[in-house]
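Asks: Take a look at this one; I'll ask things after.
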Amino acid sequence: MFQVVPRWLLVATGVLLIPFVAIATLPFIVQPSSSPSPPAASRPTPTVSASPTIIAAVPMDAAHAGTTGTAQPGRAIVVKDVSKDPLPKNAQQAAAVKRGAQIFNDTATYAKEYSPNSALTCASCHINGGQQMGALPLTGVGPQFPEYNTRANRMFTLTDRILDCFSRSINGKRPAPESSEAVAVATYLMWISDGQPAGTNPPWRGQNKIADQDLIPIPKLDPQRGQQMYEQKCALCHQANGQGSGQGPSAVPPLWGDKSFNDGAGLARLYTFAGFIRYAMPLNAPGTLNDEEAQQIAAYVLSHDRPAYPTKDQDYVGVKMPVDAVYYSQQYPQNPLKR
Ligand code: HEC
Ligand code: HEC
Numbered sequence: 001m002f003q004v005v006p007r008w009l010l011v012a013t014g015v016l017l018i019p020f021v022a023i024a025t026l027p028f029i030v031q032p033s034s035s036p037s038p039p040a041a042s043r044p045t046p047t048v049s050a051s052p053t054i055i056a057a058v059p060m061d062a063a064h065a066g067t068t069g070t071a072q073p074g075r076a077i078v079v080k081d082v083s084k085d086p087l088p089k090n091a092q093q094a095a096a097v098k099r100g101a102q103i104f105n106d107t108a109t110y111a112k113e114y115s116p117n118s119a120l121t122c123a124s125c126h127i128n129g130g131q132q133m134g135a136l137p138l139t140g141v142g143p144q145f146p147e148y149n150t151r152a153n154r155m156f157t158l159t160d161r162i163l164d165c166f167s168r169s170i171n172g173k174r175p176a177p178e179s180s181e182a183v184a185v186a187t188y189l190m191w192i193s194d195g196q197p198a199g200t201n202p203p204w205r206g207q208n209k210i211a212d213q214d215l216i217p218i219p220k221l222d223p224q225r226g227q228q229m230y231e232q233k234c235a236l237c238h239q240a241n242g243q244g245s246g247q248g249p250s251a252v253p254p255l256w257g258d259k260s261f262n263d264g265a266g267l268a269r270l271y272t273f274a275g276f277i278r279y280a281m282p283l284n285a286p287g288t289l290n291d292e293e294a295q296q297i298a299a300y301v302l303s304h305d306r307p308a309y310p311t312k313d314q315d316y317v318g319v320k321m322p323v324d325a326v327y328y329s330q331q332y333p334q335n336p337l338k339r
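Per our numbering, the very first residue in the sequence shown carries number 1; after that it's consecutive.
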């Protein structure tokens with residue numbers, strides 16, 4: 001996945017070269033200044049560790065330079081690469097890890113049947129193969145399942161969770177739990193979690209959140225202000241029309257419209273979207289948006305139409321619906337951001 005020069009990189013080369021050179025020459029920095037910071041409540045003291053084992057954790061492509069950090073000394077995300085790092089000795093397992101990585105990084109190519117419409121891959125959001133601080137990292141997450149899921153109001157296996165991201169975030173078709181695709185992705189996610197304990201959340205999990213006291217009530221948000229900020233900070237890559245630059249692992253993914261995540265996806269919730277971009281975007285300067293900017297931009301992006309998840313009426317049955325579920329007509333007869 002690191003061989004191709006992303007198209008968006010060509011657009012933004014000027015801005016990106018500086019952090020890339022910085023990271024290339026300072027391999028000992030494990031918390032670069034541009035790395036996304038977790039919410040203040042749990043923000044760890046920045047550390048500079050000289051541990052040479054962490055050098056390998058710095059992804060080598062410019063696309064992700066400057067965005068790897070550590071949450072705690074000794075608890076860094078150690079980024080693994082299927083083409084370099086040891087795979088399971090068992091040949092079938094090794095093959096499943098590799099296939100899972102391919103599906104994760106280029107879903108439409110390697111799981112075409114289940115992603116017929118989408119320009120997104122799993123790694124569009126779970127950046128760097130699900131191993132990026134501040135971008136919904138999945139290292140150490142697999143071993144925490146089974147776990148209660150609020151939206152479904154039942155216990156979820158890791159596979160249930162993966163399938164939900166297929167049918168909502170990828171706006172695709174749900175693979176059967178026993179399909180080779182679902183099994184491969186689960187095997188890959190367990191491989192990147194190798195050595196991570198079950199029953200203890202890794203410190204980087206659940207950090208794409210804006211603190212409760214900093215949330216702006218939905219009716220107070222102003223999508224027009226959000227649009228101005230979007231044009232300054234996002235349109236360079238995602239374009240003014242939100243469609244990005246096409247499809248596949250080297251493209252900038254769309255933020256709304258037919259090829260985007262659907263309205264039942266996690267990111268279609270306003271505070272979830274804001275928490276994602278607060279720490280993961282702009283890709284070349286993550287952590288530079290403040291809480292308000294992230295929410296205003298989210299209000300603009302989520303004021304647009306996107307594919308409809310067909311069974312939204314079966315979500316949040318028997319539990320309280322979150323106020324930021326702006327596309328749910330049970331709660332809002334029409335999207336409150338569409339004015
Ligand atoms: C449009 C963005 C997006 C895409 C694309 C996406 N996801 Fe997710 N994913 C999310 C969000 C948002 C969450 C919820 C994170 C949370 O609850 O904090 C999530 C959660 C998860 C979780 C559980 C994480 C946790 O900490 O509980 C797994 C596993 C997962 N996704 C796997 C996948 C897989 C596999 C794919 C590709 C088939 C994928 N995702 C595609 C946005 C996305
Ligand atoms: C320098 C280019 C660049 C800039 C600027 C940028 N992004 Fe992104 N964005 C990307 C790329 C590339 C990805 C896919 C990540 C990957 O493949 O590693 C992405 C992924 C995303 C995603 C998840 C996938 C999807 O399409 O839903 C969201 C949401 C997002 N960006 C929102 C924003 C917002 C909002 C801004 C402005 C605050 C922004 N981005 C600024 C390049 C950029």
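Here a beta-carbon is modelled for each residue, glycine too, at the ideal position from N, C-alpha and C.
With DSSP as the reference, label N335 as helix, strand or coil.
Replies: In this structure, N335 counts as coil in the three-state DSSP scheme.
Asks: For L158, which residues in the same chain have their Cβ closer than 7 Å to its Cβ, ignoring the five residues on either side in sequence?
Replies: G142, F145, A186 and L189.
Asks: Does the stretch 101-109 come within contact of the stretch 122-137, defined as at least 3 CB pairs closer than 8 Å?
Replies: Yes: at least three Cβ pairs fall under 8 Å.
Asks: Between the beta-carbon of W256 and the beta-carbon of G266, is there less than 8 Å?
Replies: No.
Asks: For the candidate residues L337, A96 and Q196, whose alpha-carbon lies nearest to that of T139?
Replies: If we check each option's Cα against that of T139, Q196 comes out closest.
Asks: Give the secondary structure of Y148 by DSSP, where H, G and I count as helix, E and B as strand, and everything else as coil.
Replies: Note: Y148 maps to strand in three-state DSSP.
Asks: Who are M155's beta bridge partners in DSSP?
Replies: For M155, which the question treats as bridged, DSSP gives the partners Y148.
Asks: Using three-state DSSP, classify A76 as helix, strand or coil.
Replies: DSSP places A76 in strand when its eight states are reduced to three.
Asks: Give me the Cα-Cα distance between K338 and P177, rounded to the nearest whole angstrom.
Replies: In a straight line, the C-alpha of K338 is about 37 Å away from that of P177.
Asks: In terms of alpha-carbon separation, which member of F276, I297 and Q296 lies closest to G287?
Replies: Answer by Cα proximity: F276.
Asks: Answer with buried or exposed for A76, where buried requires no fewer than 16 other C-beta atoms within 10 angstroms of its C-beta.
Replies: Looking at its Cβ environment, which holds 16 or more other Cβ atoms inside 10 Å, A76 is buried.
Asks: Between F261 and R161, which are expected to be in contact by the criterion C-beta below 8 Å, what is the C-beta distance as a whole number of angstroms?
Replies: So it is not a contact: roughly 15 Å between Cβ atoms.
Asks: May I have the straight-line CA-CA distance separating Y328 from S303, to the nearest angstrom?
Replies: Each residue's alpha carbon lies about 13 Å from the other.
Asks: Am I right that D324 and I218 are in contact with their C-beta atoms under 8 Å? What's the rounded C-beta distance?
Replies: Indeed, because the Cβ distance is near 7 Å, the residues count as touching under 8 Å.
Asks: So D222 and Q296 are supposed to be a Cβ contact under 8 Å. How far apart are they, rounded?
Replies: Their Cβ separation, rounded to whole angstroms, is 6 Å, which keeps D222 and Q296 in contact under 8 Å.
Asks: Answer with buried or exposed for Q330, where buried requires no fewer than 16 other C-beta atoms within 10 angstroms of its C-beta.
Replies: That one is exposed.
Asks: Would the beta-carbon of N346 fall within 8 Å of that of G134?
Replies: It is not possible to answer for residue 346, since the shown part of the chain is limited to 1 through 339.
Asks: Going by other Cβ atoms of all chains shown within 10 Å of its Cβ, with 16 needed for buried, is G69 buried or exposed?
Replies: Legend: pLDDT at G69 = 39, less than 50; position of this residue unreliable, value from coordinates given subsequently. It is buried - the Cβ of G69 has at least 16 other Cβ atoms within 10 Å.
Asks: CB-CB under 6 Å to N90, same chain, minus the five flanking residues each way: which ones, in chain order?
Replies: Taken in chain order, the list of residues that qualify is empty.
Asks: Determine the DSSP secondary structure at M304, reduced to helix, strand or coil.
Replies: Here residue 304 is His; the residue named in the question, Met, does not match the sequence. Coil at H304, not helix or strand.
Asks: Beta carbon of G264, beta carbon of P254: below 8 Å?
Replies: No.
Asks: With a threshold of 7 Å, establish whether the CB of M371 neighbours any heavy atom of ligand 2.
Replies: Given a span of 1 to 339 for the chain in the structure shown, any question on residue 371 remains unanswerable.
Asks: Of the residues A94, A96, R151 and A182, which one's Cα is nearest the Cα of L163?
Replies: Ranking A94, A96, R151 and A182 by Cα distance to L163 puts A182 first.
Asks: Count the other C-beta atoms from every protein chain shown that fall within 10 angstroms of the C-beta of Y148, then say buried if there are 16 or more, exposed otherwise.
Replies: Per the 10 Å Cβ criterion, exposed.
Asks: Could you give the DSSP three-state label for R161: helix, strand or coil?
Replies: R161: helix per DSSP, three-state reduction.
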